[in-house]
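S.K.: The structure's right below; bear with me while I get my questions together.
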Amino acid sequence: MKQHHKIDYVEFPSAGTDADKAFYGKAFGWKFIDYGPTYAALDDAGLDGGFQAQDNATKPLVILYSDDLEASLAAVEAAGGVITAPIFSFPGGRRFHFSDPSGNELAVWSET
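Counting along the sequence shown from 1, when you hit position 112 you're at 112 in full-length UniProt numbering, and nothing is skipped either side.
Structure follows, in structure tokens:
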């Protein structure tokens with residue numbers, strides 16, 4: 001069950017998902033579900049998450065769940081967060097990204 005404003009998912013940046021899948025599979029026995037050539041979701045690794053192939057990200061992206069995405073965006077802005085990616089759609093939901101006062105980037109998502 002999804003919980004409002006709780007950590008729900010972690011995305012790790014990846015130079016190439018095949019190398020990451022091979023490493024984590026061998027080191028820890030993790031399994032993956034591929035969603036195209038640039039995304040591999042964790043399958044029963046203890047926490048929902050995945051690897052996203054991208055060139056410029058260097059830190060994992062912590063993603064919170066929201067029952068009301070627009071209200072969560074407004075709350076982030078009211079608290080002083082900076083929206084780094086406005087609400088956008090992806091297969092299965094919508095999300096936005098923000099940075100906190102220390103410069104950490106997080107995201108908030110909701111189901112469609």
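Backbone N, C-alpha and C fix where the C-beta goes; we use that ideal spot for every residue, glycine too.
Specify the secondary structure class of K21 as computed by DSSP and reduced to three states.
M.R.: Within the sequence shown, the letter at position 21 stands for residue 21. In the structure shown, K21 sits in a helix (DSSP, three-state: H, G or I).
S.K.: Going by the CB atoms, is the gap between F28 and D20 shorter than 9 angstroms?
M.R.: Taking the first residue of the sequence shown as position 1, residue 20 is located at position 20. Taking the first residue of the sequence shown as position 1, residue 28 is located at position 28. Not a contact, by the Cβ cut-off of 9 angstroms.
S.K.: Is the beta carbon of V10 sitting closer than 9 angstroms to the one on P60?
M.R.: Reading the sequence shown from its first residue, position 10 is the one you call residue 10. Reading the sequence shown from its first residue, position 60 is the one you call residue 60. Cβ distance < 9 angstroms, so V10 and P60 count as in contact.
S.K.: When you compare only the Cα positions, how much space is there between D44 and K26?
M.R.: Residue numbering aside, residue 44 sits at position 44 when the sequence shown is read from its first letter. Residue numbering aside, residue 26 sits at position 26 when the sequence shown is read from its first letter. Their backbone Cα atoms lie some 15 angstroms apart in a straight line.
S.K.: From V76, H97 and S66, pick the residue whose C-alpha is nearest to that of T112; which is it?
M.R.: Residue 112 sits at position 112 when you count from the first residue of the sequence shown. Out of V76, H97 and S66, S66 has the C-alpha closest to the C-alpha of T112.
S.K.: Alpha carbon to alpha carbon, how far is A40 from L69?
M.R.: As a first step, residue 40 is located in the sequence shown; it is residue number 40 there, counting from the start. As a first step, residue 69 is located in the sequence shown; it is residue number 69 there, counting from the start. The alpha-carbon of A40 is positioned some 25 angstroms away from that of L69.
S.K.: Looking at C-alpha atoms only, which residue of D48, F32 and L106 is the closest neighbour of residue 125?
M.R.: Given that the chain is displayed from residue 1 to residue 112, the structure contains no residue 125 and the question cannot be resolved.
S.K.: Could you tell me the distance, in whole angstroms, from the CA atom of Q52 to the CA atom of D18?
M.R.: Residue numbering aside, residue 52 sits at position 52 when the sequence shown is read from its first letter. Residue numbering aside, residue 18 sits at position 18 when the sequence shown is read from its first letter. In a straight line, the C-alpha of Q52 is about 11 angstroms away from that of D18.
S.K.: Relative to the C-alpha of K106, which candidate in S89, G93, G81 and F88 has its C-alpha closest?
M.R.: Indexing the sequence shown from 1 puts residue 106 at position 106. The residue you asked about is not Lys; residue 106 is Leu in the sequence shown. Checking every option, the nearest Cα to that of L106 belongs to G81.
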